[in-house]
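Participant: Chains Y and D, in that order, give the protein sequences. Using the numbering used here, you'd call the opening residue of the first sequence number 85 and step up by one each time. Using the numbering used here, you'd call the opening residue of the second sequence number 5 and step up by one each time. Just so it is clear, CB atoms sit at the ideal spot from N, CA and C, and this is done for glycine as well. Every value quoted in this text rests on a predicted model; they were computed, and no experiment measured them.
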Amino acid sequence: MMQLAVRAEPLLDVDNLVVEYGLGNKTVHAVSGVSLQVARGETLGLVGESGCGKSTLGRAVLQLRRAKSGRVLFDGEDLTAMEGEALRKMRRRVQLIFQDPIASLNPRRRIGDIVAEPLIIAGVKDAAERKRRVHEVLSAVGLDPDLVSGRLPHEFSGGQCQRICIARSLVLNPEFIVCDEPVSALDVSIRAQILNLLEEMKARFGLTLLFIAHDLAVVKAVSDRVAVMYLGRLCEVGPSEELFARPAHPYTALLLQAIPVPDPDVRPAESVAGGEPPSPIAPPSGCRFRTRCPRADQRCSAEIPELREVAPGQFAACHHPLA
Amino acid sequence: MSTLLTIADVAVELPTPRGNLRAVDHVDLSLEAGRTLGIVGESGCGKTMLSRAVLQLLPKKAKLTGRVMFDGQDLARLAPESLRRLRGRDLAVVFQDPMTSLNPVLTIGTQLMETIQEHLELDAPAAKARSIELLAAVGIPAPEQRLAQYPHQCSGGMRQRIAIAIALSCEPKLLIADEPTTALDVTIQAQILDLLAREQRRRHMAMIIITHDLGVVAGRADEVAVMYAGRVVERAPTPALFKRMHMPYTEALLAAIPKLDAAPHTPLPAISGRPPDPTRPLRGCSFAPRCRYAAGRCHEAKPALTSAETPGHLYACFHPIQMAAGVDA
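1) Using a cut-off of 7 Å between C-beta atoms, extract the partners of D/ASP217 located in chain Y.
2) If the cut is a Cβ gap below 9 Å, which residues of chain Y does D/PHE246 touch?
3) For D/SER276, count neighbouring Cβ atoms within 10 angstroms of its own Cβ and tell me buried if that reaches 16, exposed if not.
4) Would D/THR7 pass as a contact of D/GLU36 if the rule is Cβ separation under 8 Å?
5) Name the DSSP beta bridge partners of Y/GLY322, please?
6) Using DSSP bridges, identify the partner residues of D/THR40.
7) Taking the Cβ atom as the reference point for each residue, do Y/VAL310 and Y/LEU318 lie within a distance shorter than 8 Å?
8) When the Cα atoms are used, what is the spatial distance from D/LEU309 to D/HIS216?
9) Assuming Y/VAL122 contacts Y/LEU96 (C-beta within less than 8 Å), just tell me the rounded distance between them.
10) Count the other CB atoms, across all protein chains shown, that sit within 10 Å of the CB of Y/LEU148; report buried if there are 16 or more and exposed otherwise.
11) Does chain D have any CB closer than 8 Å to the CB of Y/VAL272?
12) Is the Cβ of Y/PHE158 closer than 8 Å to any Cβ of chain D?
13) By Cβ distance below 6 Å, which residues in the same chain neighbour D/VAL230 in space, the five residues on each side in sequence not counted?
14) Below 7 Å CB to CB, which residues in the same chain sit around D/GLN115 once its five sequence neighbours on both sides are set aside?
15) To the nearest angstrom, how far is the alpha carbon of Y/THR140 from that of Y/ILE343?
16) According to DSSP, what are the bridge partners of D/TYR319?
17) Quick one: which chain D residues come within Cβ less than 7 Å of Y/PHE328?
18) For D/ARG26, tell me which candidate among D/GLY219, D/LEU68 and D/SER34 has the shortest Cα-Cα distance.
19) On the DSSP bridge list, what partners appear for Y/CYS263?
20) Helix or strand or just coil, what does DSSP make of Y/PRO202?
21) Is the segment 169 to 188 of chain D close to the segment 148 to 155 of chain D, with three or more CB pairs under 8 Å?
22) Terminal residues of the continuous beta strand (DSSP E) containing Y/GLN121?
23) Are there three or more Cβ pairs, one per stretch, closer than 8 Å when the segment 255 to 271 of chain Y is compared with the segment 180 to 195 of chain Y?
24) If you draw a straight line from the alpha carbon of D/PRO63 to that of D/ASN24, how long is it in whole angstroms?
25) Output, in chain order, the set of chain D residues within a Cβ distance shorter than 9 Å of Y/VAL322.
26) Provide the residue span of the beta strand (DSSP E) that contains Y/ARG105, from first to last.
27) So, for Y/PRO50: in the same chain, excluding its five sequence neighbours on each side, which residues have a beta-carbon less than 8 Å away from its beta-carbon?
28) So, helix, strand or coil for D/GLY23, using DSSP?
29) Pull up the DSSP beta-bridge partners for D/ALA231, would you.
30) DSSP state of Y/VAL448, grouped into three classes?
31) Classify Y/GLN87 as helix, strand or coil using the three-state DSSP reduction.
32) Applying a beta-carbon distance threshold of less than 8 Å, which residues of chain Y neighbour D/GLU238?
33) Throw me the rounded Cβ distance for the Y/GLY401 and Y/GLU390 pair, which I believe falls under 8 Å.
34) Measuring alpha carbon to alpha carbon, tell me which of D/MET209, D/PRO282 and D/ILE144 ends up nearest D/GLN195.
35) When DSSP labels each residue in this structure, what does D/HIS156 get in the three-state scheme?
36) Report the partner residues of Y/VAL156 according to the DSSP bridge assignment.
Structure representation (structure tokens):
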């Protein structure tokens with residue numbers, strides 16, 4: 085089994101995780117043997133296009149979707165083997181922020197109650213203590229607790245709703261947060277505010293983040309390391325700076341090439357590799373990217389490429405990595 | 005070059021329970037045949053309402069003032085029948101969500117041929133042949149088989165290609181693409197933008213690309229108009245807009261985009277606050293409450309669009325940036 089270099093004991097250790105969905109009599113191979121580690125205090129960015137399995141992976145880490153096989157070790161304990169009360173206890177340490185901040189807030193409940201709910205579920209009986217915690221996290225995300233606590237979600241914009249969601253995820257003092265496309269639904273000017281806020285909260289509360297997004301520039305802005313996913317498998321993992329400067333996997337290179345750059349001097353790359361991702365119901369044999377890859381040959385269809393170290397800390401799953 | 009589209013003093017008001025909402029606030033724009041105009045702005049800035057005003061597809065209760073001259077005709081005065089003949093033939097549109105713009109219960113062939121036969125005098129076999137040709141032109145493999153399929157049998161990227169094929173079917177003079185790639189993945193987005201650019205060159209068609217992403221227009225539009233709170237606040241030939249913008253909002257919007265070449269954990273220069281409530285228009289510049297250059301006058305009066313040194317470059321600001329001869333492209 086390959087070992088991805090992580091300096092200290094990882095807080096999260098995902099080992100050969102497989103998640104599948106049934107679809108009629110077919111099987112969707114959403115996550116097919118993914119291994120990754122996140123060190124304490126680190127932000128790991130997870131990028132990929134729709135349907136690549138990145139959200140499923142995030143959910144499987146939290147046990148919101150149970151894996152078919154593989155293990156998820158959090159602080160040394162196997163979450164996949166946990167059930168009931170033990171799992172609920174563990175979930176206080178692990179939180180989730182979703183893409184659509186408006187849809188993830190109950191429209192009929194007041195902001196103060198929404199943010200306090202995790203405390204109630206966790207059994208914090210003291211109302212004054214709950215109020216103190218809610219005040220603390222609402223202030224931390226830049227909202228005035230006295231002004232917002234009594235109001236309903238529809239009175240807030242998307243950016244403010246995302247602040248409320250972040251406050252709710254912080255209220256139990258978690259160690260680890262899975263952020264699933266937290267800024268995709270937001271406008272450019274608001275997106276920057278929320279990204280800055282996540283960075284601030286991470287430093288202030290000593291968080292470790294798994295940051296899932298489809299936008300490479302957004303991921304790079306917040307991540308120490310980045311993992312690129314395609315059709316249920318990891319293509320490449322490495323330190324952000326190196327991975328963006330010298331992508332080793334052709335898919336990473338394609339993604340980078342496809343991003344529209346806000347500079348008229350940068351001519352858009354004509355005819356970036358054609359085609360579309362194949363269906364995860366019947367993924368290609370061997371390397372799953374081979375059907376769109378300009379470097380693919382016989383070996384790519386016969387043999388699944390394993391993640392191999394191509395540079396210090398940078399791993400690519402490719403038979404013909406870019407130099 | 006001749007002017008194909010002139011938007012003159014167009015305003016759109018929508019009645020809401022909270023009062024009148026001014027979605028578009030006296031906009032002037034023009035577009036020459038074969039050219040590309042990018043309209044950039046955040047949600048609620050009025051970019052989509054402006055395009056609906058051009059298409060005369062505004063909500064029933066909306067009040068439109070001003071003139072929309074397209075190919076010598078004032079669209080606002082055109083009889084519904086003439087308008088219907090114009091839309092789909094000379095004036096085509098591609099929407100953001102290809103799933104909702106295609107009819108889910110009709111085959112792709114029916115939808116393509118319907119448009120072709122409605123506007124061009126072609127019999128069924130000729131319309132079918134043209135449909136196949138169009139699907140092939142927009143990069144759909146096995147176009148003949150596709151004709152018998154339904155939209156749900158195609159991926160998002162394929163559906164957008166089909167929507168583009170329908171839009172191109174009658175050789176329009178102007179194509180309005182409203183966030184055509186926002187619902188698509190980045191690699192598919194690049195393919196669709198390439199396709200639009202290629203077909204535009206081939207057909208000498210004018211195009212308006214409406215987007216929230218400055219990156220999408222940077223390499224593809226001849227001219228860019230930046231909208232904020234219903235107004236065009238800056239308009240310029242693309243290189244001038246990116247290299248010598250005068251409007252602080254344009255600068256702030258560009259700065260707030262995470263850059264691929266920036267080091268990780270670089271704090272982003274975010275724009276504080278959020279756009280004003282469109283039902284409560286401000287007396288002064290709409291961007292003033294969020295602007296770091298704003299001073300007394302900005303809160304009192306609306307700056308008019310003013311010409312800059314580059315021909316065709318206009319900005320609406322009392323304290324324009326980069327005015328010194330200095331910054332060179």
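Facilitator: The relevant details are as follows:
1) PRO344
2) PRO346, ASP347, PRO348 and ASP349
3) exposed
4) yes
5) Y/VAL310
6) D/MET211
7) no
8) 21 Å
9) 4 Å
10) exposed
11) yes
12) no
13) VAL44, VAL237, GLU238 and THR254
14) LEU106, ASN107 and ILE170
15) 24 Å
16) D/GLU238 and D/THR310
17) LEU264
18) D/LEU68
19) Y/ILE181 and Y/PHE295
20) helix
21) no
22) 110 to 123
23) yes
24) 14 Å
25) Looking at the sequence shown, residue 322 of chain Y is not Val but Gly. In chain order: nothing, as chain D lies at least about 12 Å away.
26) Checking the displayed sequence, the identity of residue 105 of chain Y turns out to be Tyr instead of Arg. Residues 94 to 107.
27) Residue 50 of chain Y is absent from the model: chain Y starts at 85 and stops at 407.
28) strand
29) Per the sequence presented here, residue 231 of chain D reads as Met, with Ala not at that position. According to DSSP, D/MET231 bridges with D/VAL236.
30) Nothing can be reported for residue 448 of chain Y: it is not among the residues displayed for chain Y, which extend from 85 to 407.
31) For Y/GLN87, the predicted model reports a pLDDT of 47, less than 50, meaning its position is unreliable and no value from the coordinates is stated.
32) Near D/GLU238 there are no residues of chain Y at all, since even the closest Cβ is about 15 Å away, more than 8 Å.
33) The amino acid at residue 401 of chain Y is misidentified as Gly; the sequence shows Ala. Confirmed, Cβ separation roughly 6 Å.
34) D/ILE144
35) helix
36) Y/VAL98
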